[in-house]
Amino acid sequence: MKILVLGGCGIQGRTALCDLASDSHVSQIICADIRFDELSKISDFMDMEKITTARIDAQNRSDLLNLYKKVDVVIDLLPKDFKTHVNEAALEAKVPVVNTNYMYDTKVLDKAAKEAGIAIMPECGLDPGIDLVIYGDAQTRFDSLSSIKSYCGGFPERKACTNPMNYKLSWIWRGVLSSTMRDGRIIKDRQIIAIPSARQHDESFVHEIEFPDLGTLEAIPNGDAVFFTDRMGLTKTIVNTGRYSLRWPGWSAFWRPLKALGFLSEDPVKGLDGTVSPMDFMDKHLGPQLAYQDDEKDLVAMINIFEGIKDNKKIRFTSSMLIERDLETGIMAMSKGVGYTAAIAARMIVRGDIKEKGVLSPMNHIPVEKFMNELKKRGIQIKEETTILEE
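Under our numbering, residues 7 to 397 are what the sequence shown spells out, in order.
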């Protein structure tokens, strides 16, 4: 296989490169980015022989097409702003693409991808990604579903909690800040409840859960849970659903007053020279203070809880996962969840494990058993538990 990784020098990109380079069935990997100094972070422990670099402007179709024509599949780990350029080039080159961004309006793209004879698979990372594979699998285990609660978060191990937020960076800080200003929807007692970004961290919307081996974590509404029950055909019948980010307790108490005072506004601060916004300041001021030390681990905790009826019994199916940073290589837990998933799915498309064309979803198109086995080979274990609630 020949594989192109767009954004290959980022945290997730480097992990995808490592995973692909270790596969004897992968003969060539093109790492496309705007700079390549970060490759030094992986060159000491992996064979770089298969990897070539290509400097690109991801908004330049010629740059993309020249690379697409050399490969069997593209892994897109660029920011979501580039998705249109990436997908349009894929249609022209007739090369499949896997990316980690949320699903978008895909009716036109789906038709075009089918006509081009290719697969385009968004949402193929950690969250969304692994969780959606679990969603699809869980739906087959029930005759009817009444509740879906999905939790996922990346945060430091306890000994690395050395700042007032108990948080450090395993992905882009600007993205973390943006996620603290995200509108959401949940369903509670069959009623759709909209949660505006300004109220995302209100005490009435935040709760705590117990996570195996970690203890108490704080759960904050994260995005639109109804978007997923719509795609599962469950919105009219589901009783409760929500998607939540996980943090150490105290995260919401930190952000509530800052949000109320406008510290995440993107409007320029009046009375200051230039056009710096509070968000810009928070990004540049706090980001550099939140780096992991070489001996500190980031953690990724995910738990999905489903309740419903199977064979006239009310049951609960729980799927949980805990990933830790590899201190020998420095590979972050977050990047394992994202980079491994995208790399696994890309190879599944090339091998024909995923045969469908058009805009696909991990929820419906990734073969569950094969995918879980691939995660297990990489040290990621999904624990499952089924409990009978009522006979």
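Each residue gets a CB set at the ideal place from its N, CA and C atoms; glycine is no exception. For clarity, every value in this text was computed on a predicted model and none was experimentally measured.
Would you list the residues sitting across from K8 in a DSSP beta bridge?
-> As a first step, residue 8 must be located in the sequence shown, where it is residue number 2. For K8, which the question treats as bridged, DSSP gives the partners Q34.
May I ask you to verify whether the segment 353-369 touches the segment 107-122, counting CB pairs closer than 8 Å and requiring at least 3?
-> yes
Considering only residues of the same chain and omitting the five flanking positions on each side of I321, which have a CB-CB separation below 8 Å?
-> If you number the sequence shown from 1, residue 321 lands on position 315. Here the set comprises F148, E313, G314, I315, T392, T393, I394 and L395.
When burial is assigned at 16 or more other CB atoms within 10 Å of the CB, is T106 buried or exposed?
-> Within the sequence shown, the letter at position 100 stands for residue 106. Label assigned to T106: buried.
First through last residue of the alpha helix (DSSP H) which encompasses S210 = Counting from 1 along the sequence shown, the entry for residue 210 is found at position 204. Taken as a continuous stretch (DSSP letters only), S210 belongs to no alpha helix (DSSP H), as it is neither H nor E.
Relative to the C-alpha of A266, which residue among Q65, H207, V11 and N370 is closest?
-> Counting from 1 along the sequence shown, the entry for residue 266 is found at position 260. It is H207 whose Cα lies nearest to the Cα of A266.
If you follow the beta strand (DSSP E) that C158 is part of, which residue opens it and which one closes it?
-> Walking along the sequence shown from the start, residue 158 turns up at place 152. S150 to P162 is the span of the beta strand (DSSP E), which, as asked, contains C158.
Between K56 and the rest of its own chain, which residues show a CB-CB distance below 8 Å, the 5 nearest in sequence each way excluded?
-> Counting from one through the sequence shown, the residue named residue 56 turns up at place 50. Hits under 8 Å: L26, A27, V32, S33, Q34 and I35.
If you compare alpha carbons, which of A122, L183 and D69 is closest to L399?
-> The chain is shown from 7 up to 397; residue 399 falls before or after that span and cannot be answered.
Who pairs with Q197 in a beta bridge, going by DSSP?
-> Residue mapping note: residue 197 aligns to position 191 of the sequence shown, counting from 1. DSSP output for Q197 lists K194 as bridge partner(s).
Using DSSP with H/G/I as helix, E/B as strand and the rest coil, what is I244?
-> For the purposes of this step, residue 244 is taken as residue 238 along the sequence shown, with counting starting at 1. In this structure, I244 counts as coil in the three-state DSSP scheme.
May I ask you to verify whether the segment 219-229 touches the segment 245-254, counting CB pairs closer than 8 Å and requiring at least 3?
-> yes
Classify P263 as helix, strand or coil using the three-state DSSP reduction.
-> The count along the sequence shown starts at 1 and reaches residue 263 at position 257. Here P263 sits in helix by DSSP.
Are the CB atoms of A352 and P102 nearer to each other than 9 Å?
-> Along the sequence shown, one-based indexing puts residue 352 at 346. Along the sequence shown, one-based indexing puts residue 102 at 96. Going by C-beta atoms, A352 is nearer than 9 Å to P102.
Compute the distance between the beta-carbons of V92 and L71, then report whether it is under 9 Å.
-> For the purposes of this step, residue 92 is taken as the residue at position 86 of the sequence shown. For the purposes of this step, residue 71 is taken as the residue at position 65 of the sequence shown. Taking 9 Å as the Cβ cut-off, V92 and L71 do not qualify as a contacting pair.
Between W179 and the rest of its own chain, which residues show a CB-CB distance below 8 Å, the 5 nearest in sequence each way excluded?
-> If you number the sequence shown from 1, residue 179 lands on position 173. Excluding positions up to five away in sequence, the list reads D289, L292, G293 and L296.
Residue of G181, A200, D195 and R196 minimising C-alpha distance to D189 = Mapped onto the sequence shown, residue 189 falls at position 183. The residue with the shortest Cα to Cα distance from D189 is A200.
Would you call K144 buried or exposed, if buried means 16 or more other Cβ atoms sit within 10 Å of its Cβ?
-> Taking the first residue of the sequence shown as position 1, residue 144 is located at position 138. The sequence given here has Ala at residue 144, not Lys. Buried, since its Cβ has 16 or more Cβ neighbours within 10 Å.
Could you tell me the boundaries of the alpha helix (DSSP H) in which E380 lies?
-> Along the sequence shown, read from residue 1 onward, the residue named residue 380 stands at position 374. Counting along the chain, the alpha helix (DSSP H) containing E380 begins and ends at V374 to K383.
Looking only at its own chain, which residues have a Cβ that is under 7 Å from the Cβ of M378, when we skip the five neighbours before and after it?
-> Taking the first residue of the sequence shown as 1, we reach residue 378 at position 372. If we look at M378 and ignore the five residues flanking it on each side, its Cβ neighbours are I388.
Say whether the segment 10-27 touches the segment 43-62, bearing in mind that this needs 3 or more beta-carbon pairs closer than 8 Å, one atom from each stretch.
-> yes
Which value, in whole angstroms, describes the spacing of the CA atoms of N318 and S150?
-> Position 312 of the sequence shown, counted from the first residue, corresponds to residue 318. Position 144 of the sequence shown, counted from the first residue, corresponds to residue 150. Answer to the nearest angstrom: the Cα atoms are 10 Å apart.
Inter-residue spacing [alpha-carbon to alpha-carbon] between E98 and K75 = Residue mapping note: residue 98 aligns to position 92 of the sequence shown, counting from 1. Residue mapping note: residue 75 aligns to position 69 of the sequence shown, counting from 1. Cα-Cα distance, rounded: 10 Å.
Can you tell me the Cα-Cα spacing of N66 and D301, whole angstroms?
-> Position 60 of the sequence shown holds residue 66. Position 295 of the sequence shown holds residue 301. Using only the alpha carbons, I get a separation of about 40 Å.
Per DSSP, what kind of secondary structure is M187 in: helix, strand or coil?
-> Reading the sequence shown from its first residue, position 181 is the one you call residue 187. M187 falls in the coil class under three-state DSSP.
Helix, strand or coil at D219 according to DSSP, with G and I counted as helix = Numbered from its first residue, the sequence shown carries residue 219 at position 213. D219: coil per DSSP, three-state reduction.
State the Cα-Cα distance for the pair G160 and D304, rounded to the nearest angstrom.
-> The sequence position of residue 160 within the sequence shown is 154, counting from 1. The sequence position of residue 304 within the sequence shown is 298, counting from 1. Straight-line Cα distance between these residues: approximately 7 Å.
So, helix, strand or coil for F234, using DSSP?
-> Within the sequence shown, residue 234 is the residue found at index 228, counting from 1. DSSP places F234 in helix when its eight states are reduced to three.
Endpoints, the beta strand (DSSP E) within which G293 is located = Residue 293 sits at position 287 when you count from the first residue of the sequence shown. Neither: G293 is in no beta strand (DSSP E) and is coded neither H nor E.
Select from M354, K383 and E397 the residue whose C-alpha is nearest the C-alpha of A125.
-> Along the sequence shown, read from residue 1 onward, the residue named residue 125 stands at position 119. For A125, the nearest C-alpha among the options comes from M354.
Three-state secondary structure (DSSP) at D29?
-> Stepping through the sequence shown from its first residue, residue 29 is reached at position 23. The answer is coil: DSSP assigns D29 none of H, G, I, E or B.
With 16 other Cβ atoms within 10 Å as the buried cut-off, status of G19 | As a working note, residue 19 is residue 13 in the sequence shown. So G19 ends up on the buried side.
Note down, in chain order, each residue of its chain lying with its Cβ closer than 7 Å to the Cβ of C15, except the 5 sequence neighbours on either side.
-> Against the sequence shown, residue 15 aligns to sequence position 9. Within the same chain, C15 has close Cβ partners C37, D39, R41, F42, E44 and L45.
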